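Engineer: I'd like to ask some things about the structure below.
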Amino acid sequence: MHLVFVELDKLNQLDENNIDSWTEMEQLGYMIRYAHDENKRDMIKLIEEKNEVLKIMLDKKEDFFSDMVADLNRIKAMFNKLDQEDFER
Numbered sequence: 367m368h369l370v371f372v373e374l375d376k377l378n379q380l381d382e383n384n385i386d387s388w389t390e391m392e393q394l395g396y397m398i399r400y401a402h403d404e405n406k407r408d409m410i411k412l413i414e415e416k417n418e419v420l421k422i423m424l425d426k427k428e429d430f431f432s433d434m435v436a437d438l439n440r441i442k443a444m445f446n447k448l449d450q451e452d453f454e455r
């Protein structure tokens, strides 16, 4: 499992830069952040055209997010178990 941190405020500034200078994580973050913003639709389309991997990922986003939720739930259960064991000690 990979954890990725993206500065959401930085995504607002990406519009000022050439899309070719963006990292894949910036592209992905931008697409997720502005998925429902009609004003960003053209930029998202351009990102999809330039990066086939991100396009495939978006097509499978439901699986991606449900897998991520399942992973987070497993981690939560593990920490809850550790907390319970510490409490019992």
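If you want my numbering, it's the 1-based position in the sequence shown plus 366. Yeah, the Cβ is synthetic: ideal placement off N, Cα and C, and Gly gets one too. All figures in this text were calculated on a predicted structure; none of them were measured in a lab.
Could you compute how far the alpha carbon of Gln-379 sits from the alpha carbon of Glu-451?
Structural biologist: Cα to Cα, the separation comes out at about 46 Å.
Engineer: Hey, how far is the Cα of Leu-394 from the Cα of Val-435?
Structural biologist: When rounded, the distance between both Cα atoms is 18 Å.
Engineer: Determine the closest residue to Leu-412 out of Leu-438, Phe-431, Asn-384, with distance taken between C-alpha atoms.
Structural biologist: Nearest of Leu-438, Phe-431, Asn-384 to Leu-412, Cα basis: Asn-384.
Engineer: Report buried or exposed for Met-397, applying the criterion of at least 16 other Cβ atoms within 10 angstroms of its Cβ.
Structural biologist: Result: buried.
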